[in-house]
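Inspection log for the structure reproduced underneath, given as C-alpha cells.
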Amino acid sequence: MNIVVCIKQVPDTTEVKLDPKTGTLIREGVPSIINPDDKAGLEAALRLKDQYGAKVTVVSMGPPQADAALKEAVAMGADQAILLSDRAFGGSDTWATSTVIASALKKLDYDLIITGRQAIDGDTAQVGPQIAEHLGIPNISYAEDIKLEGDHIIVKRKYEDRYHIIKCKLPCLITALSELNVPRYMTPGRIFDAYRNEELATKVWGVNDVPVDTTVIGLKGSPTNVFKSFTKAPKAAGNVYKPDTAEEAAQIIVDKLQEKFIL
Amino acid sequence: MNINDYKGVFVFAQQVDNKVASVSLELLGRGKGIANDMNTTLTAVLLGHNNDEMAKTLIQHGADKVISVDDPMLEVYMTEPYAYALTKVIENYKPSVLLLGATAIGRDLGPRVSARVHTGLTADCTGLAIDEENGNLLMTRPAFGGNIMATIICPAFRPQMATVRPGVMQALAANADAKGEIEKFELEIPASCKNVEILEIVENKPERMNIQDANVLISGGRGMGTAENFGQLEKIADLLGGTISSSRACVDLGWTTPDRQVGQTGSTVRPNLYMACGISGQIQHLAGMEDSDLIVAINKDETAPIFNAADVGIVGDLNAILPLVEKKIAEIQAAK
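So the sequences go chain by chain: A and B. Under the numbering used here, the first residue of the first sequence carries the number 1, and numbering increases by one thereafter. Under the numbering used here, the first residue of the second sequence carries the number 264, and numbering increases by one thereafter.
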C-alpha cells in the first residue's frame, strides 16, 4: 500500500507575539514545527505501515527550509520525502496550492492520501478537500479514527454534535484531527538516516517537475488576494470601578444588567 | 468568465436532522445587508429532504427566495452528493456571492465546491462588507492565531465564496408575515455520487447548552481558583437562562471541558451578556468574545487587559462579589 501524507511547516503560532509599539508580528525567534494536525496524519500513516506494511511518502510545499519538516517526518519513519519548492509557487492561495500539490501527487502512486485538517498559521481547512477534488477522489474530513478493512477505509468523522462512521473505497483522501493520536518521537538512528542516507534524501521538485498549468498557480494564478491586513483596534474602554465593598460591586453589576434589559 | 453574469447573494442553508443551523440564519441576517448594498436579492440554497417547513423558516428570517433541492440522498450530509447539487445550483443561477457557515459541513463542502467551479474561498470570516468603488466582497478573517486580521478579495472569479464563523453575525428576528418565493430545483443526482457509506451515526451531544447558542455566558478564568468555584457561575447562569464558559487556561487545568472554551482556539461567541470572572483577557481570548453586547469583568488585578475590553469592570474579589450578585438577581426576579 502507498500512503502519501501532506505536511506543512508552520511557525508555532502559540509563540507568536505582537510588538506592543508597532502592533506588528514579531517573527524572529519563532520556532518552526510540523503543523500539529499534519503530524497526527503522519502518525496515522506510520501506524498503518506498522500494522499492514506500507510505503509512506511525505510531501510538502514551501521554501527550501521546509526540508527540516520533511527530515523530521523521515526521522519519525517516513520512507520518502518530496519538497515542492519554486518561486513560481510563491503567493499561492488555497486553490493554487492544492493545484500544485495535486499535480505532484499525480506523479506518485497512492492508495491513501492523508492531510491535516488545517494549518495553525492559516486555519483554512481547504487544501485537503481541494486536493481530493483536483484528483477526482472522495475525501473524508475531520478524521478522529482510521481503520483499514481490505481495500476500504473506515473513518470516524467528527461533526459538532455527532460522529459519522464512514466506509470508503480506496483511493481516497482523509483530513486528520490532532485528536487522532499522539505522534511518536524521532529515533536517533532515523535522524542519522534522514540526514546521511542518500536514498532518503529529499527530492526537490520545481515547476518544471510537475505537470501544472502555470497560469493558475502562484500569486497571479490565485483567485483570492489579500486586500489589506491590520491589527485589531481594541474596543473603546468602558468604566472600571474599584468599589469599597462586595455589596457595592454587586449592585453596580446588577444595575447594569437591569439597564440593558438582561434582568 | 464574465463576472457581470453573476448576480445575487446566496446563502447555503445548512440543515441537520431537518433543522436549519443557526449559523445559516445568521448568514441570512448579514446577507440581507450585503444584498441591499449590492442592490440585489438574497437567496437561500436548501439541500435536504422534505424541505418545505425549513424553506418557510428561511423566508421568515430574511430570504427573498429559497432554492430547494429535495432528494433522499441529501437528507444526511455526504460530501459528494452535496458538492454535486451545490455546483449545479451555482452553474444554473450564477450567484455573485455564496456564503456558508464555517461548520464541520461548510468547511468540507466549501473547499470541494470552490475547487470544482474554480473560484476563491475565504475561510472563517468574521467580517463581510461591500467595496463601494467596485462592488467586490471584502472578506475579513483572523490569521496567525488571531494576532492579525486580513481582508481578502476575489476580484476576477465568481461566485465570491466565504465561510463565516458561527456566532459572529446577527440573525434577524423571525417575521411570520415575510413573503418570499420557494423554487424547487429539479435535479437528478447520479447514484455514483454516493461514493461513501455511512455505517453508523453516533451522537456526541454536550450535556450543557452550546456556548455559541447562549444569550448569557458567565465565564471563568484562572482567577476562579478551583474547579468547584465554577458552581457559583452555574447558579448565576441558570438564573439568567444562560450557561458557563471559560478561558483556555481552565480547560488546560481540567476545570472545564473543551466545549466551554471561548477564544481563538475555542469558540467565538457574541452573547447579550458576557461576564468574565477571573479572566485576565489575553488577545486570543478577547478575539473570541469582544463583540459581545455587554461585557462585565471582575478581576483582582486592575492591570488585567480584560478591563480594556469590558463595558463594566470591577476590581475586586469575585468570591465575595458573585454570591451577592446571585442573591440580588434572585431578589429582583422574585419581585417581578
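C-beta: ideal position from N, C-alpha, C; glycine also.
Neighbour flag for residue i against chain B, beta carbons, 9 Å
i: Asn181/A; result: no
i: Gln130/A; result: yes
i: Ser222/A; result: yes
i: Ile154/A; result: yes
i: Thr94/A; result: yes
i: Leu84/A; result: no
i: Lys169/A; result: yes
i: Ala125/A; result: yes
i: Tyr142/A; result: yes
i: Glu133/A; result: yes
Amino acids of chain A, ordered along the chain, whose beta-carbon sits closer than 8 Å to that of residue i
i: Asp574/B; result: Gly238, Asn239 and Lys256
i: Lys468/B; result: Asp161 and Arg162
i: Asp515/B; result: Within 8 Å Cβ-Cβ: nothing; Asp515/B doesn't reach chain A, min ~12 Å.
i: Arg523/B; result: None at all; the shortest Cβ gap to chain A is about 14 Å.
For residue i, the three-state DSSP class (helix, strand or coil)
i: Ser103/A; result: helix
i: Val339/B; result: coil
i: Ile342/A; result: Lying before the first or after the last residue shown, residue 342/A is absent from chain A, which here runs from 1 to 263.
i: Asn208/A; result: helix
i: Asn458/B; result: coil
i: Ile416/B; result: strand
i: Met61/A; result: strand
i: Met487/B; result: helix
i: His548/B; result: helix
i: Tyr163/A; result: strand
i: Gln51/A; result: helix
i: Thr115/A; result: strand
i: His579/B; result: The sequence given here places Gly at residue 579/B; His does not occur at that position. The answer is coil: DSSP assigns Gly579/B none of H, G, I, E or B.
i: Val431/B; result: coil
i: Arg196/A; result: helix
i: Tyr601/B; result: Because chain B spans 264 through 599 in this model, residue 601/B falls outside it and cannot be assessed.
i: Gly364/B; result: strand
i: Tyr356/B; result: helix
i: Leu177/A; result: coil
i: Asn571/B; result: helix
i: Ala246/A; result: helix
i: Met472/B; result: coil
9 Å Cβ cutoff, residue i in contact with chain A
i: Asp556/B; result: yes
i: Arg471/B; result: no
i: Met301/B; result: no
i: Glu449/B; result: no
i: Asp564/B; result: no
i: Ile474/B; result: no
i: His381/B; result: yes
i: Ile584/B; result: yes
i: Pro453/B; result: no
i: Leu480/B; result: no
i: Thr342/B; result: yes
i: Ile561/B; result: yes
Where residue i meets chain B, residues with beta-carbon distance less than 8 Å
i: Lys106/A; result: Per Cβ cutoff of 8 Å: no residues; Lys106/A is ~15 Å from chain B at best.
i: Ser103/A; result: Residues of chain B passing the Cβ test: none, with the nearest at roughly 13 Å.
Under 7 Å from the C-beta of residue i: neighbouring residues of chain A
i: Cys417/B; result: Pro223 and Thr224
i: Thr366/B; result: Glu160
i: Gly579/B; result: Pro243, Ala246 and Ala249
i: Glu463/B; result: Ile165
i: Val588/B; result: Ala250, Ile253 and Val254
i: Thr519/B; result: Chain A residues near Thr519/B: none, gap ~17 Å exceeds 7 Å.
i: Arg533/B; result: Within 7 Å Cβ-Cβ: nothing; Arg533/B doesn't reach chain A, min ~13 Å.
Local Cβ density within 10 Å of residue i, reported as buried at 16 or more and exposed below that
i: Ser455/B; result: exposed
i: Pro374/B; result: buried
i: His164/A; result: buried
i: Thr426/B; result: buried
i: Asp93/A; result: buried
i: Gln65/A; result: exposed
i: Asn181/A; result: buried
i: Gly517/B; result: exposed
i: Arg87/A; result: exposed
i: His134/A; result: buried
Neighbouring residues, chain B, relative to residue i (Cβ below 9 Å)
i: Ser229/A; result: Ala406, Ile411, Met412, Ala413 and Thr414
i: Cys6/A; result: Here the premise fails: no neighbours, minimum Cβ distance about 14 Å.
i: Lys39/A; result: Within chain B, no residue comes near Lys39/A; the closest Cβ sits about 17 Å away, beyond 9 Å.
i: Ser289/A; result: Residue 289/A cannot be examined here, being either before or after the span of chain A that is shown, 1 to 263.
Any non-hydrogen atom of the ligand ATP within 8 Å of residue i CB
i: Arg162/A; result: Of ligands this structure carries none, so the ligand ATP is not represented either.
Chain B residues whose Cβ lies nearer than 7 Å to that of residue i
i: Gly122/A; result: Ala406
i: Leu263/A; result: Ile592 and Ile595
i: Lys260/A; result: Leu557
Inside the segment 487–543 of chain B only - beta strand (DSSP E) runs reaching at least 3 residues: Here the runs fully enclosed are 506–509 and 536–540.
Which parts of the segment 282–314 of chain B are runs of the beta strand (DSSP E), unbroken and 3 residues or longer, counting only runs that do not cross its ends? Counting only runs of 3+ residues, the beta strand (DSSP E) found wholly inside the segment 282–314 of chain B occupies 305–311, in chain order.
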